[in-house]
Every structure is written in C-alpha cells, then in structure tokens.
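Participant: Sending over a structure as structure tokens; questions will come in a sec.
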Amino acid sequence: MVDFTLTEEQDMLVELARMFADDELIPNAEEWDRNGVFPEAAIHKARELGLLNCTIPQQYGGLGLSYLDEVMINEELGRGDPGFATITGVTMLACHPLIYGGTEEQKHKFLRRVCDGEISAYCVTEPGAGSDVRAMTTTAILDGDDYVLNGAKMWIGGAGHANWFYVLAKTSMADSHHSLSGFIVEADSPGLSVGKKEEKMGQRSSDTRSVSFDNVRVPKANLVGGVEGGGWLQAMVAFDRSRPMLASHALGNARGAMEEAWQYANERHTFGKAIFHHQSISFMLADMSTKIEGARLLAYKAADLLDKGEPATLAAAHAKRYAADIGMEVTTDSVQIFGGYGYSEEFPAARRMRGAKIYQIFGGTSQIQRLIISREINKHYVD
22 MVDFTLTEEQ DMLVELARMF ADDELIPNAE EWDRNGVFPE AAIHKARELG
72 LLNCTIPQQY GGLGLSYLDE VMINEELGRG DPGFATITGV TMLACHPLIY
122 GGTEEQKHKF LRRVCDGEIS AYCVTEPGAG SDVRAMTTTA ILDGDDYVLN
172 GAKMWIGGAG HANWFYVLAK TSMADSHHSL SGFIVEADSP GLSVGKKEEK
222 MGQRSSDTRS VSFDNVRVPK ANLVGGVEGG GWLQAMVAFD RSRPMLASHA
272 LGNARGAMEE AWQYANERHT FGKAIFHHQS ISFMLADMST KIEGARLLAY
322 KAADLLDKGE PATLAAAHAK RYAADIGMEV TTDSVQIFGG YGYSEEFPAA
372 RRMRGAKIYQ IFGGTSQIQR LIISREINKH YVD
C-alpha cells in the first residue's frame with residue numbers, strides 16, 4: 022500500500038520552504054528577472070535555513086536528507102521563483118558526480134566547501150555536444166602530475182559565480198563511454214576563462230555563460246574517483262539524481278502560475294460574474310490542477326526509488342519529461358486566463374511562462390527523455 026502521509030519533520034521542512042518562498046522569493050522574483058540580479062543574499066539565507074545541499078551526506082557537511090525531501094523543498098522554491106531554484110539546483114548537479122564517484126578526500130574537500138557557501142557548476146554541454154555527450158571535444162591529457170585541459174563548454178549555469186567546476190573531458194580518443202573522465206577544476210585556474218552573461222528568454226537571474234579551457238593544468242588529485250574512464254557514468258548518475266529535482270522546479274513554477282491564475286479568475290468579472298464561473302475558465306483551471314498533481318506523483322516516485330537505491334532512470338525521465346511539458350502548458354494557460362494582463366510584464370504570468378520553457382531543454386530535452394523512456398521500456402520486449 023502506498024502511503025502519502027508526510028512525517029512531522031517533512032511537514033516542517035515544506036512549511037519552512039513555503040514561508041521562505043513567500044517572504045524572500047515571490048516579492049523579489051520580478052526584479053531579479055528584469056535586471057538579471059544574482060540573488061546572493063537569498064541563497065545565503067536559504068542555506069542558513071537548511072533548504073540547500075539537501076542530499077549531500079552529513080559527514081561531508083550536508084543535511085543528509087532524502088531525495089523525496091529534496092523534491093518537496095524544491096517544489097516550493099520553484100513556486101517562489103524558478104530562476105532561484107535553478108541557481109541552487111545547478112550546484113547540487115555538480116556535486117552529484119562527487120557524491121557518487123569521488124574519492125573520500127575529494128568529498129571532504131569540495132562538498133564541504135559547497136556546504137560552507139561556495140557555488141559549483143556542471144560543465145558538460147559544448148557548442149557541438151549537448152545531449153550527445155560522447156560528441157564532446159574537450160580533452161584532458163596527462164602531463165606529469167597534472168592533466169592539461171583544452172576545449173570549450175557552453176550554457177553553463179552559475180558559471181559567473183562558481184568557485185569550482187565539475188568538467189567532463191576526453192582522456193582517450195577511443196569512441197567509447199570509457200574515453201570520458203570527470204575533473205574538479207578551480208574557477209581561478211590559469212587559462213580558464215568565463216564568457217559574457219547570456220541574454221536569455223527567462224530565468225534571467227540564473228547566470229549562464231560559456232567556459233573555455235586553454236592549457237588549464239588540473240592536479241591528478243582532482244580526477245574524480247582517481248581513475249580515468251568514469252566520467253560518463255558519473256554524468257549519467259548526476260542526471261538521474263537531479264531530474265526529480267528539476268521536475269519539482271517545473272511543477273512548482275506551474276503551481277505558482279495556477280494559483281495566481283485562480284486568484285485572478287475570482288477577482289476578474291465579465292458579464293456580471295467572476296470569470297471563474299465561466300466554464301471555459303474553470304475547466305482550464307481544473308486541467309491545470311490535474312496536470313500538476315500528476316507531475317508531483319511522478320517526481321515523488323522517482324525520488325522514492327532513488328531513496329531505496331533502486332534503478333530510477335526510467336522514473337526520473339518520466340518525471341522530468343512530464344513536469345517540463347505540463348509546466349509549459351500550465352503557464353501558457355495562465356497567460357490566457359489573465360488575458361491582456363498576462364501578456365504584460367507587469368504581471369507574473371508572462372515571467373512564469375518564459376521561465377518554464379528551459380525545463381524542456383536543459384537536463385536533457387523532452388525529446389531525449391522520450392528516447393530514454395522508450396529505450397528503457399523496450400528492454401522488457403527484447404531478449
């Protein structure tokens with residue numbers, strides 16, 4: 022029997038996250054997005070409240086919470102401001118390869134630095150290699166006690182504020198997953214340069230830039246796991262573990278859009294009554310609610326599998342794909358309910374719709390999620 026009852030501790034965590042979103046995120050989200058403000062003070066406060074670094078084990082300075090706890094907290098952060106949720110989420114994305122495959126020394130050193138307030142970034146995507154990770158061209162060649170990195174990454178969230186990067190690079194020219202290795206690269210390394218801040222459609226508070234490596238020397242001690250060839254698996258595990266969180270961001274943003282549209286539908290009157298009482302509007306709101314409920318259940322299922330140590334690739338892809346797609350649908354419908362006001366940047370509906378689109382792209386596009394889903398399911402039909 023499935024039990025959806027939250028523990029007292031989980032209720033308190035969700036309420037804390039909800040209050041933080043109401044007090045710190047929602048009142049500032051419009052300004053952060055309009056002016057591209059990186060919300061350092063809010064990040065610091067969220068960390069002090071115990072809302073960040075959820076799944077970093079306690080022995081490395083983290084909270085040691087469950088993936089389900091993380092999903093519930095991050096739904097509230099996404100409701101408050103999806104840009105803020107993305108900013109804090111990319112740091113966890115960069116930590117997952119270390120949690121999974123790092124040496125004890127690497128975990129104690131770099132995960133603890135994140136828990137003390139540093140920001141990390143996940144450097145995998147390249148100009149010619151996004152979802153096709155094996156197509157990347159960034160190389161890491163061993164030279165004495167260092168690896169020398171050359172190449173370029175793009176669309177790196179948090180790059181302008183990161184203290185260190187998880188970088189995936191080729192340590193072999195073989196056409197194999199085992200040609201890829203993960204490295205921890207300090208942001209102030211000579212030869213590492215960060216490009217201009219990208220002007221994006223939405224989530225403008227989330228600092229996104231290119232990162233270039235020109236003969237950047239990285240100590241062998243910073244090869245994640247201490248052995249070459251483990252990078253592809255590290256990256257895939259990071260995707261599996263982060264997709265339920267991304268799903269929670271998308272559904273949280275959608276929930277915020279629905280709640281704002283619902284309130285407006287009861288305030289706006291046409292033909293002598295609130296527009297909520299026009300069936301065309303109330304049915305739109307009903308559909309929005311159903312989609313959000315479904316997305317939440319998929320995210321909870323994926324998180325629960327991760328907590329049990331069971332394979333979660335399929336469930337994580339289901340959750341991320343569905344939440345990203347319904348997030349776009351719900352926020353678009355919210356704009357429609359607001360009408361002309363929804364098309365205005367003076368109201369939150371437009372910002373939420375712009376912020377929703379990226380969830381169909383980063384962390385593996387919705388099309389890639391469908392590819393993963395179909396391949397995973399097809400394993401049951403072939404020998």
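In terms of the numbering used here, the sequence shown opens at residue 22 and continues consecutively.
Where a beta carbon is used, it is the ideal one built from N, C-alpha and C, also for glycine.
Can you tell me whether Glu-29 is helix, strand or coil according to DSSP?
Facilitator: helix
Participant: Output needed for Lys-221: all residues of its chain with C-beta closer than 7 Å, excluding positions within five of it in sequence on either side, in chain order.
Facilitator: Excluding five sequence positions before and after Lys-221, the CB atoms of its chain that fall closer than 7 Å to its own CB belong to Thr-229, given in chain order.
Participant: In three-state terms, what does DSSP make of Pro-103?
Facilitator: Look at Pro-103 here: in three-state DSSP terms it is helix.
Participant: Look at Thr-158 and Gly-149 and say whether their C-beta atoms are less than 9 Å apart.
Facilitator: yes
Participant: What ranges does the alpha helix (DSSP H) occupy inside the region 74 to 148, keeping only unbroken runs of at least 4 residues that lie completely in it?
Facilitator: The qualifying runs are 88 to 101, 103 to 122, 133 to 136.
Participant: Closest Cβ-Cβ distance between Gly-181 and chain C: below 9 Å?
Facilitator: Looking at the structure shown, chain C is missing, and only one protein chain is on hand.
Participant: Between which two residues does the beta strand (DSSP E) holding Met-175 run?
Facilitator: 167 to 178
Participant: Can you tell which of Asp-54, Glu-125, Glu-249, Gly-172 has its C-alpha closest to the C-alpha of Ser-227?
Facilitator: Asp-54
Participant: By Cβ distance, which residues of its chain are closer than 7 Å to His-129, with the 5 residues on each side in sequence left out?
Facilitator: Tyr-81
Participant: Identify every residue that forms a DSSP beta bridge with Ala-150.
Facilitator: Glu-147
Participant: What's the gap between the Cα of Glu-29 and the Cα of Leu-86?
Facilitator: 14 Å
Participant: Rounded to a whole number of angstroms, what is the C-alpha to C-alpha distance between Arg-364 and Asp-346?
Facilitator: It is worth fixing the name first, because residue 364 is Tyr in this sequence and not Arg. Each residue's Cα considered, the two are about 20 Å apart.
Participant: Taking Gly-151 and Ser-202 to be in contact with their CB atoms under 8 Å, please state how far apart those CB atoms are, rounded to whole angstroms.
Facilitator: The beta-carbon distance between Gly-151 and Ser-202, rounded to whole angstroms, is 19 Å. This is too long to meet the 8 Å contact definition.
Participant: Tell me whether Thr-26 is buried or exposed, calling it buried when 16 or more other Cβ atoms sit within 10 Å of its Cβ.
Facilitator: exposed
Participant: Please confirm whether Leu-98 and Thr-112 have their CB atoms less than 9 Å apart.
Facilitator: No, Cβ-Cβ distance for Leu-98 and Thr-112 is not below 9 Å.
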